[in-house]
Each structure stands twice: as C-alpha cells, then as structure tokens.
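J.: To convert, note that position 54 of the sequence shown is 54 in my numbering; the numbers rise steadily by one, no gaps. The beta-carbon is built from N, C-alpha and C at its ideal position, and this holds for glycine as well. Take a look at this one; I'll ask things after.
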Amino acid sequence: MSDGCVFCRIIAGGIPATLVASNAHGVAFRDLHPQAPSHVLVIPRRHVASLAEATDAAELGALLLLAGEVARTEGLVETGYRVVANTGHDGGQTVHHLHLHVLGGRAMHWPPG
Ligand code: AMP
Ligand code: ZN
Numbered sequence: 001m002s003d004g005c006v007f008c009r010i011i012a013g014g015i016p017a018t019l020v021a022s023n024a025h026g027v028a029f030r031d032l033h034p035q036a037p038s039h040v041l042v043i044p045r046r047h048v049a050s051l052a053e054a055t056d057a058a059e060l061g062a063l064l065l066l067a068g069e070v071a072r073t074e075g076l077v078e079t080g081y082r083v084v085a086n087t088g089h090d091g092g093q094t095v096h097h098l099h100l101h102v103l104g105g106r107a108m109h110w111p112p113g
C-alpha cells in the first residue's frame, strides 16, 4: 500500500470501484472515464509504480492472463481488443500504480495519439 495512491485505496476497499475479475496477483475494475464501450483496468495488488519498475515475472504474467480473462468475460475475443500500459511522462501515465487498460467494443486507431 502506498499512501495517497488511488489504486492502492481501491484495492484496500477505501474507494469504490466496479470489480470485473481478480486473481491472486491482480484486480480488474471498470475505468471511471471509459474511452471505449468496454474499458477495464487490470492492476497488481501490490503497489508497483509502472511497467518500468516491474520485476516479478509471475505477477506480470498473472496480470496479462487477467487481461485475457477480462476480454473473454466482456465478450471482446471475437471482434478484438487492445491492451495498453501507459508508462511514464511520454507514455501518458497519470496514475502511478501499474495498470493495463483493456479496451474494446469499437475499432481502435493506429498509430495511437
Ligand atoms: P493512465 O492515464 O494510463 O495512467 O490511466 C489512468 C486511468 O485511471 C484513467 O483512464 C482514469 O480514468 C482511471 N481512473 C482514475 N481514477 C479512477 C478511479 N477511482 N476508478 C476507476 N478508474 C480511475
Ligand atoms: Zn498503489
């Protein structure tokens, strides 16, 4: 738990969130400001600031598997979806607790903005 971290507070139950799925390493919940018809965040239970600080392969693997589970439960597998980890300033990261965005329900653009 990192004091002042909004995602640690969601994990601790201090801030409400709409949970979608979870496993031993991570939790998935709906983004407060969805950028697609389906927009879910997958985060580690431990405070890890970003992908740049991540070192635990089992944890990262479990988060990717959880993203895949979210895509299945959201019904995105047939049409496709995007998994994004904004990292650092140029990556556009605004919450400094590692998270994977799982986005789907519409066609995505490339290159991203
Ligand atoms: P990023 O810009 O990649 O750091 O993404 C942070 C995401 O967290 C944004 O899409 C926000 O809408 C989302 N977010 C921030 N606070 C909350 C919250 N309390 N519950 C759910 N999503 C949140
Ligand atoms: Zn945190």
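Under the criterion of a Cβ to heavy atom distance below 7 Å, does HIS117 qualify as lining the ligand ZN?
T.: Absent from the structure is residue 117, since the part of the chain shown begins at 1 and ends at 113.
J.: From which residue to which residue does the beta strand (DSSP E) around ILE43 run?
T.: Counting from 1 along the sequence shown, the entry for residue 43 is found at position 43. It spans 38-44 - the beta strand (DSSP E) in which ILE43 sits, taken as one unbroken run.
J.: Within 7 Å: the Cβ of HIS47 and any heavy atom of the ligand ZN?
T.: For the purposes of this step, residue 47 is taken as residue 47 along the sequence shown, with counting starting at 1. HIS47: yes, Cβ under 7 Å from the ligand ZN.
J.: DSSP state of GLY75, grouped into three classes?
T.: Along the sequence shown, read from residue 1 onward, the residue named residue 75 stands at position 75. Correct three-state label for GLY75: coil.
J.: Checking the sheet assignment: what are the DSSP bridge partners for LEU100?
T.: Stepping through the sequence shown from its first residue, residue 100 is reached at position 100. LEU100 is bridged to VAL42.
J.: Can you tell me which residues form a DSSP beta bridge with LEU19?
T.: One-based indexing of the sequence shown puts residue 19 at position 19. PHE29, per the DSSP bridge assignment.
J.: Can you tell me which of the three DSSP states ARG9 falls into?
T.: Locating residue 9 in the sequence shown gives position 9, counting from the first residue. Residue state, collapsed to three classes: helix.
J.: So who's on the other strand from VAL84, going by DSSP bridges?
T.: Within the sequence shown, numbered from 1, the residue matching residue 84 stands at position 84. Paired residue(s): HIS101.
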